[in-house]
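For the sequence shown, the working numbering assigns the number 503 to the initial residue and increments by one for each residue that follows. One structure is given here, and the rest of the page talks about it.
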Amino acid sequence: MIGTYSGKLARQPGLAALLDEPVVHLRYSWQARNRAVRAVAGWGLRPTTRRPRLRARQLGLPFIALEDGFVRSWGTGATHPALSLVVDGQGIYYAADRPSDLETLLASDTDLLAGPGAQHAALRARLVSERFSKYNLAPRLSGQVKLAPGRRVLVVDQTRGDAGIVHGLADAESFARMLRAARAEHPGATLYVKTHPEVRQGSKRGYFDDVAADARTILVREPVNPLDLVEQMDHVYVVTSQLGFEALLMGKPVTCFGMPWYAGWGPTDDRVRCERRQHPRSVEELFAAAYLHYTRYLNPWTHERGTLADVMDWLCLQREEASRHTGRAIAVGFRRWKAANIRPFLAPDPRDVHFVRDAGAAAKLSPGPRDRLVTWGAAAPDDVARLARDCGAASVHVEDGFIRSIGLGSDFIRPISLVLDTAGLYFDPRQPSALENLLNKRAFTEPERQRAAAVRRFIVRERLTKYNIESYAAPRWNAQGRRVVLVPGQVEDDASIRHGCDGVRTNLALLQAARQACPDAYIVYKPHPDVATHNRAGRLHAAQALRHADHIECRSCVVSCIEASHEIHTMTSLTGFDALLRGKSVVVYGRPFYAGWGLTRDRLPIARRGRTLTLDELVAGTLLHYPLYRDWVLNGYTSCEAALRQLAHARDALQADRNMRAVRMNYLQRQWHKIKLWARAGFLVTR
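See the structure below:
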């Protein structure tokens, strides 16, 4: 295993996958000897690595320098974990004052366009066309920056004290020389001075903080996609910034006043020299070496080793979802715990989300047509709906997704999925929801059906459902060969019942209807988890239930109950959808989202749903396209498949932890029992 003296580094998501071996946090120096550590890792050339480097030498262990990759994440390091990592046993790529693995690779005779670099052309083209950089949260260039006519020159600032400057054969004077040279060498051009993202956020200072704008100098402090900005430039000046190499990828001339990793090989105009760099390399070879040979990538969908293509796919999803969330999200009437859980779903940038108590407080924020007024549930309060109509803001309704969490929402467990619906909500049939519109109108493709079938198989195999909290023990029913009918209880004041049911509206009425429809069946009643824990209304006395049911199931989970049943009778419960996924017959007494499509036996008409769907088409609309899924580890949106895998993994890890605790408790109880027996036999003597 690899040891590190940095707790923050040891906790970095996906680190063990990127290093291909476990990582242990060495809290004390002597632990490296006792824990089979083969190397010590630290973050680049930071001052915090001095002691670990010394300790590694004392132990005779190699020191491995780690650093963010060149396509790092959606947001900055303060909020978003790295999706790429460089691992260097000699130095680190930005340090020109010593060799690094990347420099050694570039200086060798290795064919960089073979092996890992074989896909360099396609990956470079996609990187440029998608405008991916190190951080990718900034919006595309569309009017944020004034573009002057004539020749334009970009001058790139960096953060003060950055290790890439200190070890890149540069200093503060390098920036002053760069600015003077850019003005002197392009006398008629307009200079654009680009601020670093972390300087704009206020967390760090730059070298051009005191530069004043004038007729020939435009300060670019607004967040903007850096490659979009580079595309509009005729020449780019950097000290050691990575943006210089991205400019090379876009075919721009680049002048370097320091010695970044890509300088000294021929494609750049270098004002500083490094004698070790004598081997000429093309831009294609530089890209292949740094991005494909040298950098390791985390697959954001699986949290295992991946590729640059995996990272770009994930970044595309972040950009796609971000484009849907225009303006501000003004959330009205949310409790504090629920606000914390839904904030990341509402916008990629938390500064675009505002929580207020009521419509009056929302009105003080002066919402406009680009903003969204967000409320929980299907019906926004009248004053909020009126405010949305008056100001032109979109009204967004929020509810839990269909595969939610390990634990109940009423127990404050954060969700892995939510639905954000501007039409209504899936459980309220009084008006069409975005899900109903999607199921009515979308032309599902064969790849979508195949994805849905794979998702359905995974859910069934892993026995997943909405909350995933109960025991998977097989039910102990004495059906004696009779047909088993499962009747899932519901929260009786739930909106899906209030708005989606007519005659059958209570758990008792549902049991009565099921018994009337199936007089000879073995009927099992399963109370709703929220009702069973006394969190919600709908509790049915056992004596009342047993007048119509043969058994009340409180031990086995709903999945085990579905698997052991032949048929399910429900009002609007999600259990009906779970049963469809598992190939069971479903009788519906209300108007849930999955009824009316030809897959259930419906006791109430649903006039708007005249289309017949296959099960995989229902799954595609319901699980693939309608909800938003959240990766809480990587702080980003994710796919349905990835969310399901993470949920199954979290459930299994939780169960393993419970099993281990049970084993330990059992062991302690046995030891205590032995001590008591010894004491009684006289083997233990107290003084």
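Glycine residues also receive a C-beta, built at the ideal position from the N, C-alpha and C atoms.
In this structure, the alpha-carbon of A887 lies about 50 Å from that of D736. Taking the CA atoms as reference points, R984 sits about 35 Å from L1146.
Short of 7 Å from the beta carbon of T924, and not among the five residues preceding or following it, lie these beta carbons of its own chain, in chain order: A896, S897, V898, A936. The same chain holds no residue with a CB closer than 7 Å to that of N980 once the five nearest residues on each side in sequence are set aside. Scanning G1092, V542, R859, S1067 for the CA closest to the CA of G1005 turns up G1092.
Pairing R1105 with A1015, the inter-Cα distance amounts to about 11 Å.
Under DSSP, Y694 shares a beta bridge with L656, I720. Only exposed fits N1168, as fewer than 16 other CB atoms lie within 10 angstroms of its CB. K840: member of the alpha helix (DSSP H) spanning 838-848, first to last residue.
For W545, the enclosing beta strand (DSSP E) starts and ends at 541-545. Inclusion of D659 and Y709 in the CB contact set at 7 Å is warranted, their separation being smaller than that value. In the three-state scheme derived from DSSP, where H, G and I count as helix and E and B as strand, C1142 is classed as helix. A straight line joining the alpha-carbon of A1051 with that of E972 spans about 21 Å. Using a C-beta cut-off of 8 Å, the region 774-791 makes no contact with the region 813-824, since fewer than three inter-stretch Cβ pairs fall below that distance.
Between G505 and L528, the gap from beta carbon to beta carbon is short of 7 Å. Here the alpha carbons of E569 and A541 stand approximately 16 Å from one another. Taking each of F747, R778, A790, E777 in turn and checking the Cα distance to P769, the smallest one comes out for F747. Per DSSP, C776 is not a residue of any alpha helix (DSSP H), being assigned neither H nor E. Between the alpha carbons of D603 and Y595 lies a distance of about 7 Å. The residues A833, F836, A841, in chain order, have a CB closer than 7 Å to that of F857 in the same chain once the five nearest residues on each side in sequence are set aside.
Under the criterion of beta carbons closer than 8 Å, T1077 and P990 qualify as touching, at roughly 4 Å. Excluding residues up to 5 positions away in sequence, M1073, G1092 lie with their Cβ nearer than 6 Å to the Cβ of C1003 in the same chain. The three-state secondary structure of S676, taken from DSSP, is helix. Straight-line measurement puts the Cα of G879 at about 13 Å from the Cα of R932. By the criterion of at least three beta-carbon pairs nearer than 8 Å, the region 618-627 is in contact with the region 790-797. Between the beta-carbon of L1012 and that of H1071 there is about 7 Å, and that keeps the pair under the 8 Å contact cut.
Ranked by Cα distance from R830, the first of T697, R552, E938, A864 is A864.
Closest by C-alpha distance to A1081, out of R959, L1010, Y530, is R959. Around the C-beta of A620, fewer than 16 other C-beta atoms lie within 10 Å, and the residue is accordingly described as exposed.
Between the alpha carbons of R1153 and M503 lies a gap of roughly 26 Å.
The Cβ-Cβ distance between H1030 and Q992 falls below 7 Å.
Assigned with DSSP and collapsed to three states, A518 falls in helix.
At a Cβ-Cβ threshold of 7 Å, A650 and T692 count as neighbours. Setting aside the 5 residues that flank it on each side, L671 is surrounded in the same chain by A598, D599, G760, M761, V774, C776, each with a C-beta closer than 8 Å to its C-beta; the list follows chain order. A distance of 7 Å or more separates the beta carbons of L643 and V588. For I908, no alpha helix (DSSP H) encloses it, and the DSSP letter there is neither H nor E.
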